[in-house]
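Q: Residue numbers (full-length UniProt numbering): 1 to 284. C-beta: ideal position from N, C-alpha, C; glycine also. Mind looking over this structure? Questions follow.
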């Protein structure tokens, strides 16, 4: 499948972009930063083309196979990687700090590497329960939120590193890189903005998932492990926004809450699909 080669190219471009950005962080040579960003943008565009081409390829296969490329674990992890890079590039456009990619691109590379090494890139027919437009709306919403939450996690790590060094902690390997970090108040604001973007999209994902469940199984909510953990993730980020907007929480408190929220998000996506029985276990 041609889409597989496009996705492989995107993975290589992200890998190159990451190391160029690391070199930029170590040398502070702006040319390396521009090259790293260019490699990342090229990978992102080819990645999007690969996802679109896989969608097209599914309709070219014999039989009733055609579907949006979000229906199995391979396809979902590829899309997850794309949303992480999307969130990073949008953040870079806002603050123009290449160092963000040193934290975000490893997550995208982990997704793409896992997908490439899984050996499950073959396009498969959909099971009957997945033959619904609600699937497309639900998955796109959830993974766009995943990308925003992943960026919130990366920014929170950067905040905690900067806060520790400002508080007299050991600097170590961060001594040169810290000069490239956004200001600590900018990191705090970025964390809030990432969650503020991701939370309503996640809410849409839950609502469309409930509509899909009613279409497929005749009930909106059944306390399936995936549904339960989706609600847990929603509650964590709702608590984040509530604490920020009404209690004045900021800084370390919200950074740690964002880290915990992303841990819950990863378990909702990976842990539930791979280790717990339920209606979403097909994803494994």
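Would residue 6 be called buried (16 or more neighbouring beta carbons within 10 Å of its own) or exposed?
A: buried
Q: Can you name the start and end residues of the alpha helix (DSSP H) that residue 121 belongs to?
A: That residue, residue 121, is in no alpha helix (DSSP H); it is neither H nor E in DSSP.
Q: Starting from the C-beta of residue 132, find all residues in its chain whose C-beta is less than 6 Å away, skip the five residues before and the five after it, and write them out in chain order.
A: 212, 215
Q: May I ask which residues mark the beginning and end of the alpha helix (DSSP H) holding residue 185?
A: Membership of residue 185 in the alpha helix (DSSP H) is indicated by the continuous run 184-217.
Q: Alpha helix (DSSP H) containing residue 36: first to last residue?
A: 30-60
Q: Can you name the start and end residues of the alpha helix (DSSP H) that residue 69 belongs to?
A: Unbroken run through residue 69: none, as it is neither H nor E.
Q: Determine the direct distance from the alpha carbon of residue 33 to that of residue 19, and round the result to whole angstroms.
A: 10 Å
Q: Going by other Cβ atoms of all chains shown within 10 Å of its Cβ, with 16 needed for buried, is residue 233 buried or exposed?
A: That one is buried.
Q: Taking only three categories from DSSP, how would you classify residue 180?
A: helix
Q: Where does residue 225 sit, in a helix, a strand or coil, going by DSSP?
A: The answer is helix: DSSP assigns residue 225 an H, G or I state.
Q: Using a 10 Å radius around the Cβ and a threshold of 16 neighbouring Cβ atoms, would you call residue 294 buried or exposed?
A: There is no way to answer for residue 294, as the model of the chain reaches only from 1 to 284.
Q: In terms of residue numbering, what span does the alpha helix (DSSP H) encompassing residue 149 cover?
A: 133-166
Q: Pull up the CB-CB distance for residue 3 and residue 60, whole angstroms please, since I reckon it's below 8 Å.
A: That belief does not hold up - the Cβ atoms of residue 3 and residue 60 are roughly 11 Å apart, past 8 Å.
Q: I believe residue 88 touches residue 43 by the beta-carbon criterion, under 8 Å. Please report the beta-carbon distance rounded to the nearest angstrom.
A: Residue 88 to residue 43, Cβ: 11 Å. No contact.
Q: Could you pull out every residue in the same chain whose Cβ sits closer than 8 Å to the Cβ of residue 181, ignoring the five residues on either side in sequence?
A: Cβ within range, chain order: 97, 99, 158, 161, 162, 187.
Q: Please list the terminal residues of the continuous alpha helix (DSSP H) segment that includes residue 17.
A: 2-27
Q: Decide if the segment 134-144 is in contact with the segment 201-208; the criterion is three or more beta carbon pairs, one per stretch, under 8 Å apart.
A: yes
Q: Check whether the segment 104-118 and the segment 214-228 touch, using three or more Cβ-Cβ pairs below 8 Å as the test.
A: The answer is no - the segment 214-228 does not touch the segment 104-118, with fewer than three Cβ pairs under 8 Å.
Q: State the DSSP-derived secondary structure class of residue 106, mapped to helix, strand or coil.
A: helix
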